[in-house]
Amino acid sequence: MTQLYWQTTGSGDRDLVLLHGWGLNAEVWSCIRERLGAHFRLHLVDLPGYGRSENFPAMTLEEMAECLLPFMPSQTLVLGWSLGGLVASQLALRAPQRVTGLITVASSPCFSATEAWPGIKPDTLTQFQQQLSEDFKRTVERFLALQTLGTDTAREDARTLKNVVLRLPMPPVDVLEGGLKILRTADLREAMQTLPQPLLRIYGYLDGLVPRAIAPLLDAEWPNSESAIMEKAAHAPFISHPEAFCEQVIAFADRLR
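Written as structure tokens, this is what we have:
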């Protein structure tokens, strides 16, 4: 049976949809769930094919957004981490009347690096895609380890991410490959220039996957958005610095009231 996992919790009066990153699931938000749940009605989602949203095929970015749309509250703030940031952005573009504000975390409208654009080298993503078919569990673990490099709590944070993955069935290889294809090929830079909603972009200063150099480039390209760089964080700032991260989210939501 194909069914999207969508759990609603929290005691706040505002809706906040949380979208996880590649290879993971909604359990990744466990460390901030209680703190944010005091301020928001949280919607915890396993993206199609991930975690408890089983039996979905690999999807394009547009298909993933379409799959989530029927479950979305009529007026909501959407937060997406890494790959989830692309999905959140696509939702905001697809249904601007439903999304009151957008937060992207350690994400980029274009993950692939070019001469003029910082990001992940395309051949790195291609290598991960090739390695998935050989030893996909080890490949996922390597990708998770990259996300915490450089922080004071890197080992502990990597263990947290790994436990989130192992707690639920691993996504099938084709779904993981589909996610990597989105990371390698998606480019929302131009489309997002006319985004009508308020947008907060949160970055980790030590992030090796989404370089902080993206922040000033998008500050110039998207003057209606705002950025925040968390100094001692890497690719998973909500895990390494949960309090400071939640403060950013709550303050942004309060500015939208």
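Just so you know, we're using the UniProt record's numbering here: the sequence shown kicks off at 1 and counts up by one. We put the CB at the ideal spot given by N, CA and C, even for glycine.
Worksheet item: Starting from R167 and walking both ways along the alpha helix (DSSP H), at which residues does that stretch end?
Response: 154 to 167
Practice prompt. Kindly confirm or deny that the segment 63 to 79 and the segment 4 to 21 touch, where touching means at least three C-beta pairs closer than 8 Å.
Written response: yes
Worksheet entry | Which of helix, strand or coil DSSP assigns to A253 | helix
Discussion item. Buried or exposed for S107, going by 16 or more other Cβ atoms inside 10 Å?
Written reply: buried
Item to complete: Name the two residues that bound the continuous beta strand (DSSP E) containing V99.
Response: 99 to 105
Practice prompt. Use the C-beta contact count for L68: other C-beta atoms within 10 angstroms, 16 or more gives buried, fewer gives exposed.
Written response: buried
Discussion item. Using only the alpha-carbon positions, how far apart do Q248 and L91 sit?
Written reply: 21 Å
Worksheet item: Is it the case that the Cβ atoms of P48 and M72 are separated by a distance below 7 Å?
Response: no
Worksheet item: Assuming A233 and L200 make a contact with CB atoms under 8 Å, what is their CB distance in whole Å?
Response: With 8 Å as the limit, A233 and L200 do not qualify as a contact, their Cβ atoms being about 15 Å apart.
Fill in: Nearest neighbour of P70, chosen from R94, C31, G84 [CA to CA]
R94
Worksheet item: So R201 is in the beta strand (DSSP E); what residue range does that whole segment cover?
Response: 199 to 204
Item to complete: Would you give the residue range spanned by the alpha helix (DSSP H) that A88 belongs to?
Response: 83 to 94
Item to complete: Kindly list the residues whose CB is nearer than 7 Å to the CB of A244, restricted to its own chain and excluding five residues on each side of it in sequence; keep chain order.
Response: M230
Discussion item. Could you pull the DSSP bridge partners for T9 from this structure?
Written reply: L42
Worksheet item: Can you tell me where the beta strand (DSSP E) with E226 in it begins and where it stops?
Response: 225 to 230
Worksheet item: Would you report the Cα separation of Q127 and K137, rounded to the nearest angstrom?
Response: 15 Å
Discussion item. What does DSSP give as the partner residue(s) for L217 in the beta ladder?
Written reply: According to DSSP, which records beta bridges pairwise, L217 is partnered with nothing at all.
Item to complete: Could you tell me whether any non-hydrogen atom of the ligand GTP is closer than 6 Å to the CB of E243?
Response: Ligands are entirely absent from the displayed structure, and the ligand GTP is therefore not among its contents.
Worksheet entry | Exposure of D219, with buried meaning 16 or more beta-carbon neighbours within 10 Å | exposed
Fill in: Inter-residue spacing [alpha-carbon to alpha-carbon] between D152 and A158
12 Å
Worksheet item: Cβ atoms of S53 and L125: under 7 Å apart, would you say?
Response: no
Worksheet item: Relative to the C-alpha of I214, which residue among K181, M170, E141, F111 is closest?
Response: F111
Discussion item. Looking at L83: is its Cβ nearer than 7 Å to the Cβ of G21?
Written reply: yes
Worksheet item: With 16 other CB atoms within 10 Å as the buried threshold, where does P216 fall?
Response: exposed
Worksheet entry | Separation of E134 from V105, as counted between CA atoms | 30 Å
Discussion item. Can you find the residues in the same chain that come closer than 6 Å, C-beta to C-beta, to G150, ignoring five residues on each side of it along the sequence?
Written reply: L206, A234
Worksheet item: According to the Cβ coordinates, are H43 and T8 closer than 7 Å?
Response: yes
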